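In the numbering used here, the protein residues as written are 102 to 360. We put the beta carbon where it would ideally sit given N, CA and C, even for glycine. Here the structure is a predicted model, which means the values were calculated and not measured. A short write-up of the structure that comes next.
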């Protein structure tokens, strides 16, 4: 199905989901920091960061074809916003009037910076897709509740999660109906369909949640909702967290950012 949303159980048991959800919450920002601080001066750190992202994709059991298709959908939007950075960074007069080796090196350096930014964006997308497809949202919500996250934040996150999943399934049904009738809707019609579905499903989820909550209040419920999910911190979680923290501090310890 072209518009199916992957979950942690779609391709069997994800090894990434077997880790404690609290560790997954810590891994996402830590690895993202490593992606952002990648520099050509720390080539070993950059290579290991790429290997970590590839390993996470393998642990989440995401098919390579599915990942490439998602990158082809989202990366052009990122590229569109980063092209002005290249236009601003590179002196295009030098491109046509390279007078000496210093001008050439300056132009190549600006191109190198642009390419590094593109690599960072691609790795960030791979990291995001690996976690969203390989980690069960219930465990993440349970971990956030363990960290004393405000109830209204959890409610918003749960609502967004349910809305995206229901919206994906509804849009998938519409797409299959169009294909069965050999109809190829245009981009404008798809956008109108998505906006209409978003509005209808938003009202439906809010009304259903309100009915359920009022029904529980009428039966004397005055407590707190506790989310389902498994939290089981193991020794391997401690080792992974220690290694990732050490890996994040490695460029600062070795002084790789000093030019």
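Distance between residue 120 and residue 244 (C-alpha atoms, nearest Å): 12 angstroms
Cβ neighbour criterion (16 or more within 10 Å) applied to residue 313: exposed
Distance CB(residue 161)-CB(residue 235) smaller than 7 angstroms: yes
Inter-residue CB distance, residue 139 and residue 227 (contact presumed, cutoff 8 angstroms): Not a contact, Cβ separation roughly 14 angstroms.
Classification of residue 340 by the beta-carbon crowding that lies within 10 angstroms, buried from 16 upward: exposed
Through-space distance from residue 258 to residue 211, alpha-carbon basis: 39 angstroms
Residue range of the alpha helix (DSSP H) that includes residue 148: 144-160
Supposed close pair residue 164, residue 332 - CB separation, criterion 8 angstroms: Not quite, the Cβ-Cβ distance comes to about 29 angstroms (not below 8 angstroms), so this is no contact.
C-alpha distance - residue 353 paired with residue 346, whole-angstrom precision: 12 angstroms
Simplified DSSP assignment, three categories, for residue 335: coil
Buried versus exposed call for residue 216 [16 or more other C-beta atoms within 10 Å across all chains shown]: exposed
For residue 178, the three-state DSSP class (helix, strand or coil): helix
Environment of residue 132 [buried if 16+ CB atoms lie within 10 Å]: buried
Residues near residue 172 by beta carbon distance below 7 angstroms, same chain, minus five either side: 223, 226
Exposure of residue 145, with buried meaning 16 or more beta-carbon neighbours within 10 Å: exposed
7 angstroms CB neighbourhood of residue 275 in its chain, flanking five on each side removed: 294
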